[in-house]
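In the numbering used here, the protein residues as written are 4 to 853.
Beta carbons: idealized from backbone N, C-alpha and C, even for Gly.
Remember, it's a predicted structure, so these values are computed and weren't measured experimentally.
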Amino acid sequence: MERYNFKTVEEKWQEKWAKLKVFQSKIDTSKEKFYCLEMFPYPSGNIHMGHVRNYTIGDVLSRYKSLQGFNVMHPMGWDAFGMPAENAARENNLDPKEWTKKNISTMKEQLKKLGLSIDWDREISTCSEEYYKHQQLFFLELYEKGLVYRKENYVNWDPIDQTVLANEQVIDGKGWRSGAVVERKKLNQWFFNISKFSQELLDGLDDLKQWPNKVKVMQKNWIGKSFGCEIAFKTEGDLPVKEIKCFTTRPDTLFGFSFLALSVDHEISKYFVDDKKFQEFKKECSRTGTTEEAIAIGEKIGFKTNLVAINPLNPSQKVPVFFANFVLMDYGFGAVFGCPAHDQRDFDFAKKYGLNFKTVVKPDNEKDSFEVKGEAYSGPGTLINSEFLNNLKVPEESIVKTIDILEERKIGQKKINFRLKDWGVSRQRYWGCPIPMAYDEDGNVTTIPKKDLPVKLPENIDLNSKGNPLNAKTDWKNIIINGKKYVRETDTLDTFVCSSWYYLRFCSSNNLDYGFRQEEVDYWMPVDQYIGGIEHAILHLLYSRFFMKALGYKNKKFKFKEPFEGLFTQGMVCHETYKDKNNNWLSPDEIELIGDQFFKKGDKNHKVKVGPSESMSKSKKNVIDPENIIKSYGADAVRLFILSDSPPEKDVQWSDQGMIASYKFLQKLWILHNKIKEKIKKKNDNDTENETLEKFTNQMINKITNNLEGFNYNVIVANIYETYNFLIKLIEKDKNIDIKILKESYKKILILFSPAIPHFTAECLDDINLLEKIEWPKTDKNLLVEDRIDYVVQINGKKRAILNESRDIDQNTLMSKIKLNKFSEKYLKDKSINKIIFVKNRLINLLINE
RNA sequence: GCCCUCGUGGUGAAAUUGGUAGACACAAAGGACUUAAAAUCCUUGCCAUUUAUGGAGUGCCAGUUCGAGUCUGGCCGAGGGCACCA
């Protein structure tokens, strides 16, 4: 017997699968379809362990589903536009297109070596004209539907990447990619009207039964629906301002009104353009507004105007109007009414500026004379000091009743507000999808005629020009449409636009005329299982949901409402971090273990500091290169390890020992295979044992099938080990096994293993000529029934013995067996049994007096 | 501050959904084979006197139940999301 040679075996099967186009998917209406999709990678150069985990999980599922008889589509593509290409190209004086192309071909080879069951015929790349020409058409389609518009707005400006960022791309006030503190800038931008779908996007979440709750909660919070009321406050003062509108969720606290606060960008600020003090204040706000510390401390500052606002429920009360740094322009009306007693922010502000306020809500356990001190009270209770509103229950009665009164008196109006803002899609970058728009000499917008699409990205670009390189490309920029001079839009689309519809493109990837063909989408969509990282919980997953709705808007094109029926978010791959004595990061192969202490490789005096295990990242150097690992241990071993240690939704620790163990296990499994092969060759004799194997196999079918259905992939690996432990003992026993049953059972077992270790199992099946008619085995319910049961005998709830008896025996029979057993002498002698709890085929609990 | 999730051996984790806690693996210790090492195989796993046998035991405290890792309430701790959203 030869050692198991993963290299030749894996290459052989990968070639075979490719040649026979085993994973090619075609519409077949006689079969139930299954669309399995993993988030497509950005072609950065090499695959990383995160990809290995993501794509292994998807591959296990795809293979399992096709063995079950589903018509599986499992495609792969490239999220190929984006900044890294542009940066890399600038640094190395390359063409972003060539750089991207090269990376794609490297990564494709690496993915192929994992033995993934991917239909490569459907491969797409978002940077190809073939792809983005359809995207430009969709852009125009949405424009015609009124879902795309251009406006001048404050935007998040990333000073390092020199581009605008969407709200979703700003994390802790910093750019998601560059980490630079984001600045506010006023620019003309293209927007997708995602907020039009706020309610729909919120409602749709309820239908997503196979999504993790966590993601749904995150999206729900991000959409941020709140129920309240808009109130118009009459104003008096030296400005031509008659009233100011505010949005509030707490109109019931109106009698606690103490001041009115405006955003510095509120339209009233136009009267202060020449006011130096106001301009200074505004500067101060934008400075403190963005830094993390400022937000954490939350210091409130204000600028008092000469206006006063009148309480609509109590016209004799007039309060000052301020500009304040904590009021956001893009939520509600950019103006709030301040009620310090019941809102902490308002409380802080009132305290700082010494404003008077009244307590209007009393907690239920407090006296009528209750007064807010020290901090605001925002909990439930009863309204006080509020004239005709007094005694209303807060919040169940108070809010609705107050709104009714305000509506009746035409002071206010019921209103629902969303936190979700429109999606700014303009990016001042070269390497992205051109926006098919142009401007005439007066700045009027026009669309590029559809016949002139795609608007191709120009080549030979000077990437070293300042700002957007497309802006400098005058021969591309200046065009003539219908004899009239125009200038092209030089911004490109946010790359999240590309990934918002790629799942549709896969249904028709080879169709040149359409982005997707209706009947193909009708067959394949929605994606049955989408698998990817939790980091896209809001960004990509929300945008994709929006895009689907936007495309279907006003023409009931789609039979389904949501693009991703099932979502699975896998955890990250982590590794310990290492630092040398100068606090520089070290990679795992720059260190060595001597005794129980890590040292810098080749330097026994240089101790290495071991840090916590963190998600693998280049910056911390705690990465393990999948290509090397596959080379050393083979794809099946890597797959087995990456599945084994933790549930797929949790983070997993990379462990060299664990990796080696998986590799060794396959060697052992190969030895076992050869022993079984020998057995199969022999003839049957009389002394055969078959029932145990048959039953065990059947139990495993049941276990592994259930674990696959529940995404308990780590348990499947345990099941594989369990099966090995069982088989090796069985085979090494001298007893002969019925050859027919051994063959049948072993074939089933190999099929059960195959989603995880496909090359190995294909080789084994082929080796014993059982590669024909491969399908997922079914559990035989009759075989699951055991004849003998381990009955747990408890005395006063404590386990005292286990009796192995026949199944379905009744309480009395079991009791008689118990009395014969030696332990009853010890526990039951001279004791009376007060009560017996008998659970059929499981346990018996005897309650006695101690 | 608000919201969500999770606390099980030295470690990663299982547990048929209320019924034998720790499957499976990693690490460690002891042993076998070996001149030796590696590899391989076996055993152990917290406390009590050694195989046997007891006892404690799933973050802490109560509760429901014949029986709780699992259900209920409170507390403590960890991780994640949002963060002046009125």
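What would DSSP say about residue i, mapped onto helix, strand or coil?
i	result
residue 26	coil
residue 846	strand
residue 423	coil
residue 389	coil
residue 313	strand
residue 597	strand
residue 839	strand
residue 11	helix
residue 252	coil
residue 851	strand
residue 577	strand
residue 696	helix
residue 295	In this predicted model, residue 295 has a pLDDT of only 43, less than 50, meaning its place in the structure is not dependable enough to derive any value.
residue 650	coil
residue 498	helix
residue 379	coil
residue 179	coil
residue 398	coil
residue 538	helix
Could you check which residue in the options has the C-alpha nearest to that of residue i?
i	options	result
residue 644	702, 724, 713	724
residue 760	540, 6, 12	12
residue 721	706, 841, 734, 822	706
residue 485	509, 451, 193	451
residue 784	763, 65, 613, 699	699
residue 404	670, 257, 271, 125	257
residue 839	804, 824, 796	796
residue 322	592, 788, 259, 52	259
residue 170	145, 226, 163	226
residue 564	548, 331, 587, 370	548
residue 603	615, 617, 616, 587	587
residue 68	125, 758, 695, 732	758
CB-CB under 8 Å to residue i, same chain, minus the five flanking residues each way: which ones, in chain order?
i	result
residue 686	742
residue 34	72, 73, 74
residue 613	579, 580, 581, 601
residue 557	148
residue 788	810
residue 590	581, 624, 625, 626
Using a Cβ-Cβ cut-off of 6 Å (strictly less than) and excluding sequence neighbours within five positions of residue i, which residues of its own chain qualify?
i	result
residue 641	632, 633
residue 774	768
residue 337	266, 269
Mind checking residue i: buried by the 16 CB within 10 Å criterion, or exposed?
i	result
residue 85	buried
residue 296	Residue placement at residue 296 is poorly supported in this model, since its pLDDT is 45, which falls under 50; the coordinates are not used for a value here.
residue 566	buried
residue 368	exposed
residue 349	buried
residue 347	exposed
residue 462	exposed
residue 619	buried
residue 849	buried
residue 23	exposed
residue 835	exposed
residue 45	buried
residue 751	buried
residue 79	buried
residue 755	buried
Counting only the same chain and skipping the five closest in sequence on each side, list residues whose C-beta sits under 7 Å from that of residue i.
i	result
residue 543	499, 502
residue 555	561
residue 600	610
residue 622	none
Point to revise | Secondary structure, alpha helix (DSSP H): runs of 4+ residues fully inside the region 410 to 493 | key: 472 to 475, 477 to 480
Practice item. Please list the segments of the alpha helix (DSSP H) lying wholly inside the region 82 to 165, counting only runs of 4 or more residues, in order along the chain. Key: 86 to 95, 99 to 116, 132 to 147
Point to revise | Runs of beta strand (DSSP E) lying entirely within the region 747 to 805, each at least 3 residues, in chain order | key: 791 to 798
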